[in-house]
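See below for the structure under consideration.
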Amino acid sequence: MAEHNHHFDPAEMEEWYDFTSSSKRKLIIGMLAGLAILLIGAFMVSKGIGIGIEHAHEHAGHGHEGHEHGLPGWAKRVVANLWMNAEFFTGISVIGMFFVCIQYLSWAGWSSILKRVPEAFPAFLPISGGILIILYFAFGQELFHWRHEGVMDPESEHYDAIIAGKSWYLNNAFFIVRTVLYIGLWYGLWVVLRNLSKQEDAVGGTEWWYKMKNLARVFILVFAVTSSTSAWDWAMSIDTHWFSTMFGWYHFASWHVTGLAVTTLAVISLKEKGYLRWVNENHLHDLGKFMFAFSIFWTYVWFAQFLLIYYANMPEETIYFRERFSGYGGIYKAPFFINLLLGFLFPFLWFMTRDAKRNQTFLKVGASVIIIGHYFDFYQMMMPGLVGANAGFGLIEWGTTLFFASAFIYVISAQLTKASIVAKNHPMLEEAVHHDI
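Numbering (this note's numbering), first residue to last: 1471 to 1907.
Quick look at the structure:
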C-alpha cells in the first residue's frame, strides 16, 4: 500500500504524462505493420492461400442470400473486419465516458485518482466513428442485407416483405443521421466534460464537480437510449430478419466489460511507468471487482437471451444461434465457445479470490483475457451476417486488430498529455488517496 502524507497537498498530486518519441515511433510502426499484415493477408486469401476462402466454395449454399452480393469473399472479409474493429473500439472509447459519468452520479470518491485515464478514451471517437461512416458510404450494400437493391421494392424480384416492413427505421438517410448523431452527441458531451475537468485543475473548488455531475446526468440519459439503438443499427441490423429485445443490453454489456478491462490495463501500465503513484492495491481491487461483476452481468444477459430463444424454439429466432453453432460447416462453433470460455468461465474463476483482484499480474492477465474474449464476442456477433462462409481467422484479422489497437493507444496517449493524469483539484481526491478496503 502506498504511504500517505498526514497533510494532504493537491499540488503534490499533479502528474504529467510524457508521450515519448520512442513510444510514438513504436505505435506508428504498429499501425503500419497492421496495415501491411492486413494487405498481405488480403492478397493471400484472394489467391486462395490461407483461412477462409475455401469456405466460400464449400458452403456457398448456406446462410443469407445476400452473401453472394457484390464484392468477392476476400474483399468482404476485409470490409467486415474494418467494420467490426471500428465498432469494437468505438465502444471502448465511449465506455470511458460512461465510466466517468457513473462515478460522478454515484458520488464515488475512490476513482477520482484514476478517472483521467478513462476520461481520455473518447478522444478516439472521431476516428473510429469516422471509419464507420466512411465504410457505410463506401460499402453499405455489402455490410447490410437491407441495403441490397430491390429488397424494399414490391415490384422487384428481390422484394423482401419482412425487411420492407422495417423500412421506416432501416433506410439510408435515417441510418446516416443516427450514426452521426451517436458519434456527435457522445463526442460533444465528452468535449464539454473534458474542458470542465481541465478548468477544475486550473481554478479548484466544488463548482466544476457539480457541473460535471449535471453533465453526467445528461450523458447517461442520452447513452441509455443510444447504447441500444446504436447496437441495433451497427450490429443487429446485419442479420436483418432477426431481432432480439435484449440485444441492446447484451451488446452494451460486452462493450462495458471490455472498456473496464482496457481501463485496468491502462492504469497498471501507467503505474509500471512510474505514474499514478498514489493508486494502490485498493483501487486496483475495485477495478477487479468491476471486471468480475460485469463479466457475470454479461453472462446473465447472454444466457437470458439464449434461453428465451432456445425454449421458444421459433425458427425465425433460432436461426441466429444455429448459424453460429452449426452453420457454414461449423466455422463459427470455435469462436462461439471461445467467447463463453474467455468472457465468463475464465474471469469468473480467475477473479474469484480477493487477492487475485489486488495483484497487478493477475489483473493484467485477467483483463487481457476479457478483451480477447469479447473480441470473439463481436466476431461471432457480426461475421456470420457479414461474410457467412467467407470467414476465417488469419492475417486479415491480426492486421486489422493491430492497426486499430495501435491507433487507439496512440490517440489516448496523446490525449493524456493534455492534462495532469491526476485530477489534482477533485474535491474527493483526499478520500481517494486514503482509500482502504
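Ideal Cβ placement from N, Cα and C applies to all residues, glycine included.
Is it the case that the region 1586–1602 contacts the region 1565–1575, given that we only count it when at least three CB pairs across the two stretches are under 8 angstroms? Short answer: they touch.
Measuring only the C-alpha atoms, how far is A1506 from I1499? What you label residue 1506 is simply residue 36 of the sequence shown in a count that begins at 1. What you label residue 1499 is simply residue 29 of the sequence shown in a count that begins at 1. The alpha-carbon atoms of A1506 and I1499 are separated by roughly 10 angstroms.
Using a Cβ-Cβ cut-off of 7 angstroms (strictly less than) and excluding sequence neighbours within five positions of E1535, which residues of its own chain qualify? As a position in the sequence shown, residue 1535 is number 65, starting the count at 1. For E1535, the predicted structure reports a pLDDT of 40, less than 50, and the residue's modelled location is therefore unreliable. The matter cannot be settled from this model.
Coil, strand or helix - N1895 by DSSP: Walking along the sequence shown from the start, residue 1895 turns up at place 425. Coil, per DSSP.
Tell me which residues share the same chain as E1787 and place their Cβ nearer than 8 angstroms to its Cβ, disregarding the 5 neighbours each side in the sequence. If you number the sequence shown from 1, residue 1787 lands on position 317. Same-chain partners within the cutoff: W1712, S1714, I1779.
Burial state of F1607 (16 or more Cβ within 10 Å): Working through the sequence shown from its first residue, we reach residue 1607 at position 137. Looking at its Cβ environment, which holds fewer than 16 other Cβ atoms inside 10 Å, F1607 is exposed.
Determine the direct distance from the alpha carbon of W1616 to that of L1640, and round the result to whole angstroms. Stepping through the sequence shown from its first residue, residue 1640 is reached at position 170. Stepping through the sequence shown from its first residue, residue 1616 is reached at position 146. When only Cα atoms are considered, L1640 and W1616 end up about 7 angstroms apart.
Is it the case that the Cβ atoms of E1580 and S1890 are separated by a distance below 9 angstroms? Within the sequence shown, residue 1580 is the residue found at index 110, counting from 1. Within the sequence shown, residue 1890 is the residue found at index 420, counting from 1. Here residue 1580 is Trp; the residue named in the question, Glu, does not match the sequence. It is not a contact, given that the beta carbons lie outside the stated cut-off.
Quick one: Cα of E1619 to Cα of L1754, how far? On the sequence shown, position 149 is the one that residue 1619 refers to. On the sequence shown, position 284 is the one that residue 1754 refers to. The alpha-carbon of E1619 is positioned some 52 angstroms away from that of L1754.
Starting from the C-beta of L1757, find all residues in its chain whose C-beta is less than 6 angstroms away, skip the five residues before and the five after it, and write them out in chain order. Looking up residue 1757 in the sequence shown gives position 287. So the qualifying residues of the chain are T1734.
To the nearest angstrom, how far is it from the Cα of V1771 to the Cα of F1764? Walking along the sequence shown from the start, residue 1771 turns up at place 301. Walking along the sequence shown from the start, residue 1764 turns up at place 294. Distance between the alpha carbons of V1771 and F1764: 10 angstroms.
W1553, enclosing alpha helix (DSSP H) - first and last residue: What you label residue 1553 is simply residue 83 of the sequence shown in a count that begins at 1. For W1553, the uninterrupted alpha helix (DSSP H) run begins and ends at 1543–1575, by DSSP.
Using 8 angstroms as the cut-off, can you tell me whether the region 1817–1825 makes contact with the region 1796–1809, which would need three or more C-beta pairs spanning the two stretches below that distance? Not touching, per the Cβ criterion.
Would the region 1881–1897 count as touching the region 1508–1519 if we require 3 or more Cβ pairs under 8 angstroms? Contact between the region 1881–1897 and the region 1508–1519 is absent: fewer than three C-beta pairs spanning the two stretches fall below 8 angstroms.
Would you say the region 1626–1636 touches the region 1694–1711, given that touching needs at least three Cβ pairs under 8 angstroms? By the Cβ test, the region 1626–1636 is in contact with the region 1694–1711, since at least three Cβ pairs between them sit closer than 8 angstroms.
Other residues of its chain near R1648: CB distance less than 8 angstroms, five sequence neighbours each side excluded: Here residue 1648 refers to the residue found at position 178 when the sequence shown is read from its first residue. Within the same chain, Cβ atoms closer than 8 angstroms to the Cβ of R1648 are found at T1699, S1700, D1703, the five residues on either side in sequence being excluded.
Where E1761 falls, given that 16 or more other Cβ within 10 Å makes a residue buried: On the sequence shown, residue 1761 is found 291 positions in, with the first residue counted as 1. This sequence places Met at residue 1761; Glu is not what is there. Buried, by the Cβ-count rule.
Give the DSSP-derived three-state secondary structure of D1709 in the structure shown. Taking the sequence shown and counting its residues from 1, one reaches residue 1709 at position 239. In the three-state reduction of the DSSP assignment, D1709 falls in the coil class, being assigned neither a helical nor a strand state.
Apply the 10 Å Cβ neighbour rule to W1577 and answer buried if 16 or more other Cβ atoms are within range, or exposed otherwise. Here the question's residue 1577 lines up with position 107 in the sequence shown. Residue burial annotation: W1577 is exposed, with fewer than 16 other C-beta atoms found within 10 angstroms of its C-beta.
Taking the straight line between their C-alpha atoms, what separation do you get for L1502 and A1631? To locate residue 1502, count along the sequence shown from 1; it is residue 32. To locate residue 1631, count along the sequence shown from 1; it is residue 161. Linking L1502 to A1631 through their CA atoms gives a straight-line distance of about 45 angstroms.
Please identify the residue among E1484, A1481, K1496, L1508 whose C-alpha is closest to the C-alpha of G1864. The residue you call residue 1864 lines up with position 394 of the sequence shown. Scanning E1484, A1481, K1496, L1508 for the CA closest to the CA of G1864 turns up L1508.
Using only alpha-carbon positions, find the residue among S1697, S1667, G1674 that is nearest to L1685. Your numbering for residue 1685 matches position 215 in the sequence shown. With distances taken between Cα atoms, L1685 lies closest to S1667.
How many angstroms separate the CA atom of E1670 from the CA atom of M1682? One-based indexing of the sequence shown puts residue 1670 at position 200. One-based indexing of the sequence shown puts residue 1682 at position 212. Per the coordinates, the alpha-carbon of E1670 lies some 10 angstroms from the alpha-carbon of M1682.
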